[in-house]
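Trainee: If you read the sequence shown in numbering that gives the first Met the number 0, its first letter stands for residue 0, the second for the next number, and so on. The beta-carbon is built from N, C-alpha and C at its ideal position, and this holds for glycine as well. There's a structure below that I have some questions on.
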Amino acid sequence: MTTTHAADRLVQREDRAVYETGEPVLYEVSEGIATLTMNRPAFGNAQNSQMTYALDAAFGRAVDDDAVRVIVLRGAGKHFSAGHDIGTPGRDVNRRFDQRSQLWWDHSNKPGAEFHYAREQEVYLGMCRRWHDAPKPTIAMVQGACIAGGLMLAWVCDLIVASDDAFFQDPVLRMGIPGVEYFAHAHELNTRVAKEFLFLGDKMDAQRAHQMGMVNRVVPRAQLQEQTWAIAQRIAQQPRLALALAKQVVNRAAELQGLRATVDMAYGYHQLAHAHGQLVADNHLGGHDARSMAEANRKAA
Numbered sequence: 000m001t002t003t004h005a006a007d008r009l010v011q012r013e014d015r016a017v018y019e020t021g022e023p024v025l026y027e028v029s030e031g032i033a034t035l036t037m038n039r040p041a042f043g044n045a046q047n048s049q050m051t052y053a054l055d056a057a058f059g060r061a062v063d064d065d066a067v068r069v070i071v072l073r074g075a076g077k078h079f080s081a082g083h084d085i086g087t088p089g090r091d092v093n094r095r096f097d098q099r100s101q102l103w104w105d106h107s108n109k110p111g112a113e114f115h116y117a118r119e120q121e122v123y124l125g126m127c128r129r130w131h132d133a134p135k136p137t138i139a140m141v142q143g144a145c146i147a148g149g150l151m152l153a154w155v156c157d158l159i160v161a162s163d164d165a166f167f168q169d170p171v172l173r174m175g176i177p178g179v180e181y182f183a184h185a186h187e188l189n190t191r192v193a194k195e196f197l198f199l200g201d202k203m204d205a206q207r208a209h210q211m212g213m214v215n216r217v218v219p220r221a222q223l224q225e226q227t228w229a230i231a232q233r234i235a236q237q238p239r240l241a242l243a244l245a246k247q248v249v250n251r252a253a254e255l256q257g258l259r260a261t262v263d264m265a266y267g268y269h270q271l272a273h274a275h276g277q278l279v280a281d282n283h284l285g286g287h288d289a290r291s292m293a294e295a296n297r298k299a300a
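Given below as structure tokens:
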């Protein structure tokens, strides 16, 4: 006779998510360039699972289309992305999704820390790595806020073109968390700047991000789309396989420098912080939600 260990007991969670749109990602192809537009502007393009899986489908569609040479990722409205959805009506952390980026079991009925560990392994690490390894060149076109989870989307792209009013920020230490799940900070920035970026949680403007090598170009807001498109058109003229091979070589070099090992190592610390927050504050975000984080940002400004 087998008995179920307490840690293996399945749970039921209520899914209260209400989506404001059936199209969280818009997809368009023109002149060999696929444009993927995050389409939740009323919420700063906060990323719920609905959007994440729609992005994954859009990346896959672009890779499979021989007419597409370059992929541009952008956000509708004022901001690129305010990060992961931690407080909109469409927050769908309790919802099961059948599509998988990797072989992980469904998170929605799992107890304790396993809930977030399994979910974030899938929708954050798994997705980011798939998009990072897409064989076609990718460009993040960033305007306004690129916060926390928004950084992950920009960082997995090959190039980042930012408007002069863009800013980058990872304020999650306020939640008791060491940084976002795809922890590339120490590879996108030098270590002292990465520590400053995390310890203070301040906004890094586009100009400084460019100085640090995190951003390729900074352009006037009014010219962001035009100049991003011009870069994409130039890249699109290069041979397809040569682009894919060059991208693979640079990506593998980054892995040899420790990027993948860093992300894997940091993910465990991230999950420890979630579990600690749940224990001491009855909330895996250390007692915070979208409103309290926004208020903390205003006070720090």
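So which of Asn189, Val249 and Ser162 has the shortest CA-CA distance to glutamate 225?
Mentor: Checked all of Asn189, Val249 and Ser162; the closest Cα to glutamate 225 is Ser162.
Trainee: For arginine 239, tell me which candidate among Ile32, Phe79 and Ala193 has the shortest Cα-Cα distance.
Mentor: Checked all of Ile32, Phe79 and Ala193; the closest Cα to arginine 239 is Ile32.
Trainee: Could you work out which residue in Gln222, Thr227 and Lys194 is closest to asparagine 215 when comparing CA atoms only?
Mentor: The candidate whose alpha carbon is nearest that of asparagine 215 is Thr227.
Trainee: What did DSSP end up calling histidine 269 once you bin it into helix, strand or coil?
Mentor: Helix.
Trainee: Expressed to the nearest angstrom, what Euclidean distance is found between the alpha-carbon atoms of alanine 221 and threonine 34?
Mentor: When rounded, the distance between both Cα atoms is 18 Å.
Trainee: Would you please state the rounded distance, in angstroms, between the beta carbons of aspartate 169 and alanine 153? I believe it to be under 8 Å.
Mentor: About 12 Å; that fails the 8 Å criterion.
Trainee: If you draw a straight line from the C-alpha of aspartate 7 to the C-alpha of leucine 158, how long is it?
Mentor: Looking at the two C-alpha atoms, the distance is approximately 43 Å.
Trainee: DSSP three-state label for alanine 56, please.
Mentor: Of the three classes helix, strand and coil, the one that applies to alanine 56 here is helix, per DSSP.
Trainee: Helix, strand or coil for phenylalanine 167 per DSSP?
Mentor: If DSSP states are grouped into helix, strand and coil, phenylalanine 167 belongs with the strands.
Trainee: Using a threshold of 8 Å, state whether the C-beta atoms of proline 23 and methionine 50 are closer than that.
Mentor: Yes, the pair counts as a contact, with Cβ atoms nearer than the cut-off.
Trainee: Buried or exposed: methionine 0, going by 16 or more other Cβ atoms within 10 Å of its Cβ?
Mentor: Note on methionine 0: pLDDT 48, under 50, position unreliable in the model; the coordinate value appears next. Label assigned to methionine 0: exposed.
Trainee: Here's the rule I'm using: 16 or more other beta-carbon atoms within 10 Å means buried, otherwise exposed. How should alanine 229 be labelled?
Mentor: By the 10 Å Cβ count, alanine 229 comes out exposed.
Trainee: Taking all protein chains shown into account, do 16 or more other C-beta atoms lie within 10 angstroms of the C-beta of tryptophan 130, making it buried, or fewer, making it exposed?
Mentor: Answer is buried; the Cβ neighbour count reaches 16.
Trainee: Can you look up methionine 0 in the DSSP assignment and give me helix, strand or coil?
Mentor: Any answer about methionine 0 is weak, because its pLDDT of 48 lies below 50 and its placement is not dependable; what the coordinates show is given next. Reduced to three states, the DSSP call for methionine 0 is coil.
Trainee: Apart from the five residues just before and just after asparagine 296, which ones in its own chain have a Cβ nearer than 7 Å to its Cβ?
Mentor: Here the set comprises Pro170.
Trainee: Excluding sequence positions up to five away, which residues of its chain have a Cβ less than 7 Å from the Cβ of alanine 253?
Mentor: Once the five neighbours on either side are set aside, the close Cβ partners of alanine 253 are His186.
Trainee: Going by DSSP, which residues form a beta bridge with aspartate 84?
Mentor: Looking at the DSSP assignment, aspartate 84 forms no beta bridge with any residue, so it has no partner.
Trainee: Can you find the residues in the same chain that come closer than 7 Å, C-beta to C-beta, to alanine 245, ignoring five residues on each side of it along the sequence?
Mentor: Counting only Cβ-Cβ distances below 7 Å, and skipping sequence neighbours, we find nothing.
Trainee: With distances taken Cα to Cα, identify the nearest neighbour of histidine 184 among Gln206, Met211, Leu54 and Gln120.
Mentor: When only C-alpha atoms are compared, the closest one is Met211.
Trainee: Select from Gly257, Val179, Arg99 and Asp14 the residue whose C-alpha is nearest the C-alpha of methionine 151.
Mentor: Among Gly257, Val179, Arg99 and Asp14, the Cα nearest to that of methionine 151 belongs to Val179.
Trainee: Could you pull the DSSP bridge partners for alanine 139 from this structure?
Mentor: BP columns for alanine 139 point to Leu72 and Ile159.
Trainee: Which residues does DSSP pair with valine 217 in a beta bridge?
Mentor: For valine 217, which the question treats as bridged, DSSP gives the partners Ala161.
Trainee: Comparing alpha-carbon positions, which option in Asp63, Lys135 and Gly21 lies nearest glutamine 237?
Mentor: Closest by alpha carbon: Lys135.
Trainee: What are the residues that DSSP puts in a beta bridge with cysteine 145?
Mentor: The partner list for cysteine 145 (beta bridge, DSSP) reads Ser80 and Phe167.
Trainee: Indicate the three-state DSSP secondary structure (helix, strand or coil) for glutamine 46 in the structure shown.
Mentor: If DSSP states are grouped into helix, strand and coil, glutamine 46 belongs with the strands.
Trainee: Measure the CB-CB distance between asparagine 47 and aspartate 84 and report whether it falls below 8 Å.
Mentor: It is a contact, given that the beta carbons lie within the stated cut-off.
Trainee: Does the Cβ of methionine 292 have 16 or more other Cβ atoms within 10 Å, making it buried, or fewer, making it exposed?
Mentor: Methionine 292 is buried by the Cβ-count criterion.
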